[in-house]
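Heads up, the numbering used here is the position in the sequence shown plus 136, with the first residue counted as 1. Note that beta-carbon positions come from the ideal geometry of N, C-alpha and C, so glycine has one too. See below for the structure under consideration.
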Amino acid sequence: MSDSFNEGVRMSRIVVFGGSGYAGQHIVAEAVKRGHEVTSVTRSEPATPVVGAQHVTGSIYDAELLAQLSLDADVFLSSVPSHSGGQQLPSALPHLVEICIKHGIRFGVIGGAGSLLVEEGGLELRVAFADVLPAESMPEINTHAELLQDLRDTPSEFDWFFLSPALAFGAHVPGEHLHVYRIGGDVMLKDAEGNSAISGTDFADAVLDELEHHTHRRARFSVAY
């Protein structure tokens, strides 16, 4: 799947907010590899910047920066924490909606797995496993769930997607680049052994394949092995 950029895909101007985080850095690296024009926005200078990407210091909450970046962008991709430093991502959404509609920019969110359903018609993970999830992680999980609902309530002309990774995803479980993944919807994907996992590199493949082929519009989808 990661070779799809060789098949006449139109190159895009992609702005990644949170480009130095675990997911963000993998996405920036894969986007550069595929030949896209990439701007990585981070709150501070990245320790290991991705070669080939433009690096900008700033925040998704900075309206002036958003206005500047919107003049030369096809996609805004948020890979920032939904709840950090007293700021919550839903508060930035109204301005993002306005500016993306105005400039025809697609908006993507790298969310969490907490709002996925354990099974069809079942509980969300954040509810089903509330007794075992770390209390300090709940604000982030709940704010991403709030953001997803807010996205669903936006005007129809706002082109967005929300991607939830597998349950096992992050720097603590980096995994290997297997060049394969499955796409799901609102229900958590599991393999034959009941595991729900995806590596950072295969997750980045899924993100770039979505950006290049525009399969999901105004929808949440998920990815896992």
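Throw me the rounded Cβ distance for the Ala-167 and Val-174 pair, which I believe falls under 8 Å.
Going by Cβ atoms, the distance from Ala-167 to Val-174 rounds to 5 Å, so yes, they are a contact pair.
Span of the alpha helix (DSSP H) around Val-164:
Here the alpha helix (DSSP H) through Val-164 covers 158 to 169.
Limits of the unbroken alpha helix (DSSP H) element including Val-343:
Taken as a continuous stretch (DSSP letters only), the alpha helix (DSSP H) holding Val-343 covers 336 to 349.
Following the continuous alpha helix (DSSP H) through Val-263, name the residue where it begins and the one where it ends.
If you look at Val-263, you'll find it in the alpha helix (DSSP H) that goes 261 to 264.
If we count Cβ pairs, one from each stretch, closer than 8 Å, do we get three or more for the region 323 to 333 versus the region 220 to 229?
Too few Cβ pairs lie closer than 8 Å, so no.
C-alpha distance - Phe-297 paired with Arg-356, whole-angstrom precision
In a straight line, the C-alpha of Phe-297 is about 6 Å away from that of Arg-356.
Taking the beta carbon of His-349 as the centre, do at least 16 other beta carbons fall within 10 Å, making it buried, or is it exposed?
Here His-349 is exposed, its C-beta having fewer than 16 other C-beta atoms within 10 Å.
Note down the Cα distance separating Ser-285 from Gly-248, rounded to an integer number of angstroms.
The sequence shown places Gln at residue 285, rather than the Ser named in the question. Cα to Cα, the separation comes out at about 13 Å.
Thr-107 and Ser-358 closer than 8 Å at C-beta
Here the chain has residues from 137 to 361 only, and residue 107 is not among them.
Whether or not the region 264 to 274 and the region 201 to 214 are in contact is what I'm after, with contact meaning three or more pairs of Cβ atoms, one per stretch, closer than 8 Å; do they touch?
These segments do not touch.
With DSSP collapsed to three states, give me the class of His-219.
In the structure shown, His-219 sits in a strand (DSSP, three-state: E or B).
I'd like the span of the alpha helix (DSSP H) that includes Glu-282, first residue to last.
Following the DSSP letters along the chain, one finds Glu-282 inside the alpha helix (DSSP H) bounded by residues 274 to 288.
So who's on the other strand from Leu-253, going by DSSP bridges?
Beta-bridge analysis with DSSP links Leu-253 to Glu-260 and Val-323.
Buried or exposed, going by whether 16 or more other CB atoms sit within 10 Å of the CB of Pro-291?
Of the other Cβ atoms in all chains shown, fewer than 16 fall within 10 Å of the Cβ of Pro-291; this residue is therefore exposed.
Drop a sphere of 10 angstroms on the beta-carbon of Gly-330, count the other beta-carbons inside from all chains shown, and report buried for 16 or more, exposed for fewer.
Classified as exposed, Gly-330 has fewer than 16 neighbouring CB atoms from the shown chains inside 10 Å of its CB.
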